[in-house]
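With full-length UniProt numbering applied, the sequence shown covers 1 to 493.
Note that CB positions come from ideal geometry on N, CA and C, so glycine has one too.
Given the structure is predicted, the values throughout are model-derived calculations rather than measurements.
This report refers to the structure that appears directly beneath it.
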Amino acid sequence: MGFFSAIKKMFGSESSAEQESQIQQEDGSSALKEGKAPGQPETPPQKASETESPEAAPHQGETAAAESASPAGVDAAPSVSVPVTAAASPAEEALTLRLREAEPRLSVWLGIVLEGVDATGDLLWQRLAFLLGALEAPPQEAQDFVDDFRAWTQRMEYRQVEEFRSELQYRLALALDLEDEEDERNRLFIKITEGLARTRDQLARGLDSLFSSHGELDDAFWEELEELFIMADLGYEPSLELVERLKERARKEKVTQASGMRALLMAEVEEIFRAPRRIAAVNPPEVVLMIGVNGVGKTTTIAKLAHRARMQGKKVMIAAADTFRAAAIEQLQVWAGRVGALFHAKSPGSDPASVAYEAMDRAVKEGVDVLFVDTAGRLQTKVNLMEELTKIRQVLGKKHPGAPHRSILVIDATTGQNALSQTKLFKEAAGVDELIITKLDGTAKGGVAIAVAMQHHLPITFVGLGEKLEDLRPFNGEDYARALLGHKDDGAV
Numbered sequence: 001m002g003f004f005s006a007i008k009k010m011f012g013s014e015s016s017a018e019q020e021s022q023i024q025q026e027d028g029s030s031a032l033k034e035g036k037a038p039g040q041p042e043t044p045p046q047k048a049s050e051t052e053s054p055e056a057a058p059h060q061g062e063t064a065a066a067e068s069a070s071p072a073g074v075d076a077a078p079s080v081s082v083p084v085t086a087a088a089s090p091a092e093e094a095l096t097l098r099l100r101e102a103e104p105r106l107s108v109w110l111g112i113v114l115e116g117v118d119a120t121g122d123l124l125w126q127r128l129a130f131l132l133g134a135l136e137a138p139p140q141e142a143q144d145f146v147d148d149f150r151a152w153t154q155r156m157e158y159r160q161v162e163e164f165r166s167e168l169q170y171r172l173a174l175a176l177d178l179e180d181e182e183d184e185r186n187r188l189f190i191k192i193t194e195g196l197a198r199t200r201d202q203l204a205r206g207l208d209s210l211f212s213s214h215g216e217l218d219d220a221f222w223e224e225l226e227e228l229f230i231m232a233d234l235g236y237e238p239s240l241e242l243v244e245r246l247k248e249r250a251r252k253e254k255v256t257q258a259s260g261m262r263a264l265l266m267a268e269v270e271e272i273f274r275a276p277r278r279i280a281a282v283n284p285p286e287v288v289l290m291i292g293v294n295g296v297g298k299t300t301t302i303a304k305l306a307h308r309a310r311m312q313g314k315k316v317m318i319a320a321a322d323t324f325r326a327a328a329i330e331q332l333q334v335w336a337g338r339v340g341a342l343f344h345a346k347s348p349g350s351d352p353a354s355v356a357y358e359a360m361d362r363a364v365k366e367g368v369d370v371l372f373v374d375t376a377g378r379l380q381t382k383v384n385l386m387e388e389l390t391k392i393r394q395v396l397g398k399k400h401p402g403a404p405h406r407s408i409l410v411i412d413a414t415t416g417q418n419a420l421s422q423t424k425l426f427k428e429a430a431g432v433d434e435l436i437i438t439k440l441d442g443t444a445k446g447g448v449a450i451a452v453a454m455q456h457h458l459p460i461t462f463v464g465l466g467e468k469l470e471d472l473r474p475f476n477g478e479d480y481a482r483a484l485l486g487h488k489d490d491g492a493v
């Protein structure tokens, strides 16, 4: 059940106080997504050295990650069951009343149930189960969610709530389909703003100076604006194109003064990022081909996408078709275990297309919802890369008509203009449907997102804002433009 429909039901009840305090258990109304519960056991990791990038390895505290649901040496507490009694306790009645009277936001509700809870323990798991039940999650799905999260905190050796609160809210937002809720959007906007701080500071100083020192939109103004774009790592050709587009917009909207260009620039950037709607695959599994050069964070991006899908109740498989690096296969297996995804691989040096074919066959037989296929990212020989990716696409399509349904190129924001050339290469070699930009947190080259979207006319679907699983977030062009340039009606960028 969606967020606002759950709210409506919660606030609209005319029943007695006792009935209102009961946890709803109707089989046909699920706050969590229908499908597989996110409670699969995870594969114990081996210590694998990832040659791709520092980001490609689990960050400290997560490397020893994927153990079974009951790690060695840790006594597993009994599973937390969602309360099913007809009569709620006074404490539950009081908690329910507070939840109903509170502002209907996930962060507010989470704050209420976590009040007085500083560390992991029975009280935390009971409160979390109570919240899910109050939002009409089926008891078994709610219990699986709590047990899965509890096992994760044990593996990560997290004890204090503040260590995992952000991850908990992220998982709840995915499971309850609340990611578009205003509260989550604001949380994401803050992260994007923080990540783009260096890019924004560099661009802001130049724009402030330009807008204040010029009156009319003369040739000198446009030349300086072009230089600013180039310095912000948009690149020469994209900078020229953006200036021409701004000139045309200014002409159409009859803007003649530099002071009026701020809103036009914001609107133009939003337009550049406006992406068409994508038609989802009709018959599962949805096959996602992951491409990108070594070192961009492709391995961790696959893991984060798989984690998102798992938290949305989907059965996920990861196939290691980059068979030329043993470390890549090992590391991907570690990540698959961590996020509870099935994993398919062959020995190093195997034919990548055969890995993809066998994974596709297995995914169909085992009822997988989403299959992520990792591929090699060697740029030394463009011809070999093109042949390899073409063969993989052919065998996938032969086994499952329409596959791959999405080809996602992962690029690294810190590489600046190299991201443009990489996008061009992979568009020619494999075809690209969408982009994911990693390492946007703290880079001074955030302007490359504008350049690559404008020059290659590809939608950006996700951005990487850190190393944690929760740090891969949906891309929103309006939010990105606001974070980079400021609000349309701001007096300053």
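Distance CB(residue 422)-CB(residue 411) smaller than 8 Å: As a working note, residue 422 is residue 422 in the sequence shown. As a working note, residue 411 is residue 411 in the sequence shown. Yes; because the gap between Cβ atoms is below 8 Å, this pair is in contact.
How should residue 394 be labelled, buried or exposed, when 16 other C-beta atoms within 10 angstroms of its C-beta is the threshold for buried? Taking the first residue of the sequence shown as position 1, residue 394 is located at position 394. So residue 394 ends up on the exposed side.
Compare the beta carbon distance of residue 317 and residue 341 with 8 Å and say whether it is the shorter of the two. Working through the sequence shown from its first residue, we reach residue 317 at position 317. Working through the sequence shown from its first residue, we reach residue 341 at position 341. Contact: yes.
Would residue 256 be called buried (16 or more neighbouring beta carbons within 10 Å of its own) or exposed? Position 256 of the sequence shown, counted from the start, is the residue given in the question as residue 256. Answer is exposed; the Cβ neighbour count stays below 16.
Curious, which full-length alpha helix (DSSP H) runs of at least 4 residues does the region 84 to 125 contain? 90 to 101 and 106 to 113
So is residue 86 buried or exposed if we call it buried at 16+ other beta carbons inside 10 Å? The sequence position of residue 86 within the sequence shown is 86, counting from 1. With a pLDDT of 47 at residue 86, under the threshold of 50, the modelled position of that residue is not reliable, and no figure is offered here.
Which whole runs of the alpha helix (DSSP H) in the region 154 to 241 are 4 residues long or more, in chain order? Secondary structure within the region 154 to 241: the alpha helix (DSSP H) runs of 4 or more consecutive residues, fully enclosed, are 161 to 175, 182 to 195, 197 to 213 and 219 to 231 (chain order).
Counting along the chain, where does the alpha helix (DSSP H) carrying residue 352 start and finish? Here residue 352 corresponds to residue number 352 of the sequence shown, with the count starting at 1. Its alpha helix (DSSP H) spans residues 352 to 365.
Between the Cα of residue 121 and those of 338, 154, 294 and 190, spot the shortest distance and give me the residue it belongs to. Residue 121 sits at position 121 when you count from the first residue of the sequence shown. Nearest of 338, 154, 294 and 190 to residue 121, Cα basis: 154.
Quick check on the DSSP output: the alpha helix (DSSP H) that includes residue 286 runs from which residue to which? By 1-based counting over the sequence shown, the position of residue 286 is 286. Not the alpha helix (DSSP H): residue 286 falls in the beta strand (DSSP E), residues 286 to 291.
To which residues of the same chain is residue 222 closer than 6 Å at the C-beta, ignoring the five residues directly before and after it? Stepping through the sequence shown from its first residue, residue 222 is reached at position 222. Counting only Cβ-Cβ distances below 6 Å, and skipping sequence neighbours, we find 243.
Minimum C-alpha distance to residue 561 - residue among 387, 199, 400 and 406: No statement about residue 561 is possible, as the shown extent of the chain runs from 1 to 493 and does not include it.
For residue 307, which residues in the same chain have their Cβ closer than 6 Å to its Cβ, ignoring the five residues on either side in sequence? Sequence index remark: in the sequence shown, residue 307 carries index 307 (1-based). Closer than 6 Å at Cβ, skipping near neighbours: 339 and 469.
Residues in its own chain within less than 7 Å of residue 397 by CB, not counting five upstream and five downstream? Looking up residue 397 in the sequence shown gives position 397. 403, listed in sequence order.
Our contact map puts residue 175 next to residue 130 with C-beta atoms below 8 Å; I'd like the distance itself, whole angstroms only. Translated into the one-based positions of the sequence shown, residue 175 becomes position 175. Translated into the one-based positions of the sequence shown, residue 130 becomes position 130. About 15 Å; that fails the 8 Å criterion.
Suppose you measure from the CA of residue 157 to the CA of residue 171; what does that come to, to the nearest Å? Here residue 157 is taken as the residue at index 157 of the sequence shown, counted from 1. Here residue 171 is taken as the residue at index 171 of the sequence shown, counted from 1. The alpha-carbon atoms of residue 157 and residue 171 are separated by roughly 18 Å.
Where residue 360 and residue 230 are concerned, what is the direct C-alpha to C-alpha distance, given to the nearest angstrom? Numbered from its first residue, the sequence shown carries residue 360 at position 360. Numbered from its first residue, the sequence shown carries residue 230 at position 230. Their backbone Cα atoms lie some 44 Å apart in a straight line.
Residue 374 and residue 320: beta carbons closer than 8 Å? As a first step, residue 374 must be located in the sequence shown, where it is residue number 374. As a first step, residue 320 must be located in the sequence shown, where it is residue number 320. Contact flag set, yes.
If you follow the beta strand (DSSP E) that residue 344 is in, where does it begin and where does it stop? Mapped onto the sequence shown, residue 344 falls at position 344. Counting along the chain, the beta strand (DSSP E) containing residue 344 begins and ends at 342 to 344.
Residue 291, buried or exposed, once every other Cβ within 10 Å from all chains shown has been counted against 16: Mapped onto the sequence shown, residue 291 falls at position 291. So residue 291 counts as buried.
Take residue 371 and list the residues in its own chain whose beta-carbon comes closer than 6 Å to its own, dropping the five residues that flank it on each side. The residue you call residue 371 lines up with position 371 of the sequence shown. Result list for residue 371: 285, 287, 317 and 363, in chain order.
Would you decide whether residue 465 is buried or exposed? Buried here means 16 or more other CB atoms lie within 10 Å of its CB. For the purposes of this step, residue 465 is taken as residue 465 along the sequence shown, with counting starting at 1. With 16 or more Cβ atoms within 10 Å of its Cβ, residue 465 is classed as buried.
So what does DSSP say about residue 347, is it helix, strand or coil? Here residue 347 refers to the residue found at position 347 of the sequence shown. In the displayed model, residue 347 falls within coil according to three-state DSSP, outside both helix and strand.
Beta-bridge pairing of residue 434 - partner residues as DSSP gives them: What you label residue 434 is simply residue 434 of the sequence shown in a count that begins at 1. Answer is 408.
Since I believe residue 479 is in contact with residue 192 (beta carbons under 8 Å), could you give me their beta-carbon distance rounded to a whole number of angstroms? As a working mapping, residue 192 is identified with position 192 in the sequence shown. As a working mapping, residue 479 is identified with position 479 in the sequence shown. Right, their Cβ atoms sit about 6 Å apart.
Say whether the region 92 to 110 touches the region 125 to 140, bearing in mind that this needs 3 or more beta-carbon pairs closer than 8 Å, one atom from each stretch. yes
Out of curiosity, what's the CA-to-CA distance linking residue 197 and residue 353? On the sequence shown, residue 197 is found 197 positions in, with the first residue counted as 1. On the sequence shown, residue 353 is found 353 positions in, with the first residue counted as 1. Residue 197 and residue 353: Cα-Cα distance of roughly 42 Å.
Between residue 462 and the rest of its own chain, which residues show a CB-CB distance below 7 Å, the 5 nearest in sequence each way excluded? Along the sequence shown, read from residue 1 onward, the residue named residue 462 stands at position 462. These residues qualify, in order along the chain: 436, 472, 473, 474 and 475.
By how many angstroms is the C-alpha of residue 413 removed from the C-alpha of residue 109? Indexing the sequence shown from 1 puts residue 109 at position 109. Indexing the sequence shown from 1 puts residue 413 at position 413. Distance between the alpha carbons of residue 109 and residue 413: 35 Å.
Determine, using beta carbons only, whether residue 323 and residue 355 come nearer to each other than 8 Å. Residue mapping note: residue 323 aligns to position 323 of the sequence shown, counting from 1. Residue mapping note: residue 355 aligns to position 355 of the sequence shown, counting from 1. Contact: yes.
Under a three-way DSSP split, which group does residue 425 fall into? The sequence position of residue 425 within the sequence shown is 425, counting from 1. If DSSP states are grouped into helix, strand and coil, residue 425 belongs with the helices.
Who are the near neighbours of residue 124 in its chain, counting only those whose CB is closer than 8 Å to its CB and skipping five residues on each side? As a position in the sequence shown, residue 124 is number 124, starting the count at 1. 114, 117 and 161.
Can you tell me whether residue 349 is buried or exposed, with buried defined as 16 or more other CB within 10 angstroms of its CB? Here residue 349 refers to the residue found at position 349 of the sequence shown. Residue environment for residue 349: exposed (fewer than 16 other C-beta atoms within 10 angstroms of its C-beta).
Out of 268, 270, 440 and 484, state which residue places its alpha-carbon closest to the alpha-carbon of residue 467. Mapped onto the sequence shown, residue 467 falls at position 467. Ranking 268, 270, 440 and 484 by Cα distance to residue 467 puts 440 first.
Would you kindly report the start and end of the unbroken alpha helix (DSSP H) that includes residue 378? The residue labelled residue 378 in the question sits at position 378 within the sequence shown. Per DSSP, residue 378 belongs to no alpha helix (DSSP H) and is neither H nor E.
Using only the alpha-carbon positions, how far apart do residue 415 and residue 101 sit? Residue numbering aside, residue 415 sits at position 415 when the sequence shown is read from its first letter. Residue numbering aside, residue 101 sits at position 101 when the sequence shown is read from its first letter. Residue 415 and residue 101: Cα-Cα distance of roughly 49 Å.
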